[in-house]
Amino acid sequence: MKQKIKILHLEDTPTDAELIERELKKGKINFEKLVVSNKIDFEKALKDFSPDVILSDHSLHSFDSHEALRMVKKAGITIPFILVTATMTDEFAVTVMKEGAHDYIIKDRLHRLPSAIINSIEKHHLEEERQAEHERLVFHIENAPLGFIEWDHRGFAKSWSIRAEEIFGWSGKEFIENQENGFTRVYEEDLPWVSKILEQLISGEVERNKVQYRNITKDGRVIWCEWFNSVLKGKDGKVKTIMSLVQDITEQKQLERHKDNFFDIVSHELKTPLTTIKAYGQIAESMLEAKGDAGTLGMIKKMGSQVNKLTALVQDFLDFTKIQNGKLIYNEAFFDFNELVEEVIDDMQKISVTHEIKNNSGKTAAIFGDKDKFSQVLNNLISNAIKYSPKAGSIIISTQLQKDSIELSVQDFGIGILAQNQQSVFEQFYRVNEGNQPTFPGMGIGLYICSEIISRHSGKIWVESSIGKGSIFYIWLPFDHRNKTT
Ligand code: ADP
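Note that the sequence shown covers residues 1067 to 1552 in this note's numbering.
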């Protein structure tokens, strides 16, 4: 130890004090020593000398080591206290160690003293560091915006931070003493599925998860919480504890609901006038056809094509918000697949002057599902094929019958999609942005809706594509998804 050790020595026999000093010098200890022999000087030295270690004889004239230890403790001092005494019984040694002494040395074995001092100071430093680390951790836990809860291997609460108390209303003591487990305060409607998730954690089957569900507070309120759970396992692989970080997201959920309602209303309000404009447009088209006014008819047709685009956009928007809320309703029945493909191609060909949409259908099949939703999927795929192939002149739609399923493909000869982006195009709001690619208008939700609709029918959607050559979007659908589990 390079630093000078400050030793406070409680001893009233000067020769013993000298002997000890000599032993310390022999042990090559770099020290500064203050010898005191009564209670008043000892108390003063504790304050003014700031020792690193205390050496204490057991019995002095007016004072003893028990009392000295009590004074040290009372002053909140945690430095090593080593008893250096002439005689010592085993019982006495046990008593002083229990009272808080760190070590004891018999005066006729003083050669042990230097190493005892060094060891006890090192141990004390380690303990201080551990304590500081613990305090830092507790500080972060208590000041984090998230509540921290630790559960035992059965899911019973072991510790509960102040923030958790603020969220749920129970103090840690109340919750822990009531032997509450993670299931007890889950909102009844959420309990069936939440139980499964919590059991997976308790069994160790799942080691980490993030879930949102409703909880009940001490005063009976229902709140939305987001939980981040992780399982700590022992070396034997068994669950030791489960750590949870939790935050109250009730306000956020309310805002989301308001936003969704708002989008819902806006989309509906947009859809109604659009339907009327479309109907009047169709009437005007027939009247102009009858009149033979080709010029005006051309303009009305162009207007009709823009109205169709807008209608599809609003429909996507409406469906998107419904998917988000789990409110998209499917009206299912059997329908002829190729017939639907033909209808959509005819409709789209009418409004596309730039591309020829070729129909390469094979044998047809009756499919059980929501016909309108499939028509929307096809509409989206063909619109994309047209939009992302501005320099090409054709799109090819093919269907191919399989044993109990049908496959459809929409092929374009456009810009293509890089391999690393091909999976992401089905994610919400994802739009390829390669910098060198010209920008195309869009919201990045069309393919997400397609993939939702297809997976609801137990089907698959994927893309094969090569940059500059074009893309083929595929859909695979079972005849009747009610027989499928996925
Ligand atoms: P949007 O077209 O409105 O951006 P989509 O969800 O329909 O949204 O498509 C997501 C992204 O996938 C598009 O932004 C585009 O980058 C890419 N993409 C979709 N279809 C094609 C296609 N046929 N060719 C090339 N890229 C495409």
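Just so you know, even glycine gets a beta-carbon here, dropped at the ideal spot from N, CA and C.
For ligand 1, I want to know if lysine 1453 counts as a neighbour, meaning its beta carbon is within less than 8 Å of at least one of the ligand's heavy atoms. Within the chosen limit of 8 Å, ligand 1 reaches the beta carbon of lysine 1453 through at least one heavy atom.
Would you be able to state if there are at least three C-beta pairs under 8 Å between the region 1393-1413 and the region 1344-1361? Flag = no, the region 1344-1361 and the region 1393-1413 do not touch.
Which residue wins for smallest C-alpha separation from glycine 1303, given the options Glu1292, Val1272, Lys1276? Minimum Cα distance to glycine 1303 is reached at Val1272.
Environment of histidine 1324 [buried if 16+ CB atoms lie within 10 Å]: With fewer than 16 other beta carbons inside 10 angstroms of its own, histidine 1324 counts as exposed.
Take isoleucine 1263 and list the residues in its own chain whose beta-carbon comes closer than 7 Å to its own, dropping the five residues that flank it on each side. If the five residues before and after isoleucine 1263 are omitted, its C-beta is found closer than 7 Å to the C-beta atoms of Asn1275, Val1277, all from its own chain and listed in chain order.
Rounded Cβ spacing between leucine 1076 and phenylalanine 1115 (contact assumed at less than 8 Å): Wrong, their Cβ atoms sit about 12 Å apart, outside the cutoff.
Own chain, CB closer than 6 Å to alanine 1451, minus 5 neighbours either side, in chain order: Within the same chain, Cβ atoms closer than 6 Å to the Cβ of alanine 1451 are found at Ile1461, Val1476, Asp1478, the five residues on either side in sequence being excluded.
Which residues does DSSP list as the beta-bridge partners of tryptophan 1293? DSSP lists Val1277, Val1312 as partners of tryptophan 1293.
Smallest Cα separation from glycine 1222: which of Asn1247, Phe1205, Ile1207? For the record, residue 1222 in the displayed sequence is phenylalanine; it is not glycine. The shortest C-alpha separation from phenylalanine 1222 is found at Asn1247.
In terms of alpha-carbon separation, which member of Asn1185, Ala1210, Arg1497 lies closest to isoleucine 1511? Answer by Cα proximity: Arg1497.
Between the C-alpha atoms of asparagine 1502 and serine 1517, what's the straight-line distance to the nearest angstrom? Confidence at asparagine 1502 is low in this model, with a pLDDT of 48, below 50, so its placement is unreliable and the value that follows should be read with caution. Distance from the CA of asparagine 1502 to the CA of serine 1517, rounded to the nearest whole angstrom, comes to 27 Å.
For ligand 1, I want to know if serine 1532 counts as a neighbour, meaning its beta carbon is within less than 8 Å of at least one of the ligand's heavy atoms. At a cut-off of 8 Å, the beta-carbon of serine 1532 does not count as near ligand 1: no heavy atom of the ligand is closer than that.
Could you check which residue in Phe1440, Asn1404, Gln1415 has the C-alpha nearest to that of lysine 1429? Nearest C-alpha to lysine 1429 among Phe1440, Asn1404, Gln1415: Asn1404.
If you draw a straight line from the alpha carbon of proline 1544 to that of tyrosine 1396, how long is it in whole angstroms? Each residue's CA atom was taken as its position, placing proline 1544 and tyrosine 1396 some 16 Å apart.
Measure the alpha-carbon distance for tyrosine 1540 versus lysine 1367 and round it to whole angstroms. Cα to Cα, the separation comes out at about 31 Å.
Of the residues Glu1493, Ile1086, Ile1148, Phe1205, the one placed nearest isoleucine 1187, counting alpha carbons only: That would be Ile1148, whose Cα lies nearest to the Cα of isoleucine 1187.
Sequence-distant residues of its chain with Cβ nearer than 6 Å to tyrosine 1279 (five each side left out): Excluding positions up to five away in sequence, the list reads Asp1256, Val1260.
Exposed unless 16 or more other CB atoms sit within 10 angstroms - verdict on methionine 1414: Buried, by the Cβ-count rule.
Give the single residue among Leu1467, Asn1445, Lys1437, Leu1394 whose Cα lies nearest to the Cα of asparagine 1426. When each option's Cα is compared against that of asparagine 1426, the closest is Leu1467.
With respect to 8 Å, is the separation between the Cβ of glycine 1459 and the closest non-hydrogen atom of ligand 1 below this value? It does not: the Cβ of glycine 1459 is nowhere closer than 8 Å to a heavy atom of ligand 1.
Tell me whether phenylalanine 1495 sits in a helix, a strand or coil according to DSSP, three-state version. Secondary structure of phenylalanine 1495 (DSSP, three-state): coil.
Would you mind working out which of Ala1182, Glu1087, Trp1542, Ile1417 sits nearest arginine 1522, comparing C-alpha positions? Checked all of Ala1182, Glu1087, Trp1542, Ile1417; the closest Cα to arginine 1522 is Trp1542.
Where does the unbroken beta strand (DSSP E) through leucine 1474 begin, and where does it stop? Run containing leucine 1474: 1471-1477, per the beta strand (DSSP E) assignment.
Inter-residue Cα distance where the pair is asparagine 1295 and histidine 1168: C-alpha separation (whole angstroms): 41 Å.
Exposed or buried, which one is leucine 1298 when buried takes at least 16 other CB atoms within 10 Å? Flag for leucine 1298 reads exposed.
Residues in the same chain with beta-carbon distance under 6 Å from serine 1333, minus the five sequence neighbours each way, listed in chain order, please. Only Val1380, Phe1383, Leu1384 meet the Cβ criterion.
State the DSSP-derived secondary structure class of aspartate 1118, mapped to helix, strand or coil. If DSSP states are grouped into helix, strand and coil, aspartate 1118 belongs with coil.
Which one of Lys1113, Thr1153, Glu1157 has the shortest CA to CA distance from lysine 1139? Residue Lys1113 is the option with its Cα nearest to lysine 1139.
Contact under 9 Å by Cβ, glutamate 1232 with glycine 1238: For glutamate 1232 and glycine 1238, no; Cβs fall outside 9 Å.
Go ahead and label arginine 1229 buried or exposed: buried means 16 or more other beta carbons lie within 10 angstroms of its beta carbon, across all protein chains shown. Under this definition arginine 1229 is a buried residue.
Using a 10 Å radius around the Cβ and a threshold of 16 neighbouring Cβ atoms, would you call lysine 1375 buried or exposed? Exposed, since its Cβ has fewer than 16 Cβ neighbours within 10 Å.
With a 10 Å radius around its C-beta and 16 neighbouring C-beta atoms as the bar for buried, classify tyrosine 1346 as buried or exposed. By the neighbour-count criterion, in which 16 or more other beta carbons inside 10 Å mark a residue as buried, tyrosine 1346 falls on the exposed side.
In three-state terms, what does DSSP make of lysine 1554? Nothing can be reported for residue 1554, as the shown portion of the chain is limited to 1067 through 1552.
Cutoff 6 Å; reference aspartate 1546; Cβ partners in own chain excluding five residues on either side: These residues qualify, in order along the chain: Phe1434.
Backbone secondary structure at valine 1419 - three-state DSSP: Residue state, collapsed to three classes: coil.
Nearest CA to the CA of glutamine 1442: which residue from Glu1408, Ala1378, Asp1123? The option with the nearest alpha carbon to glutamine 1442 is Ala1378.
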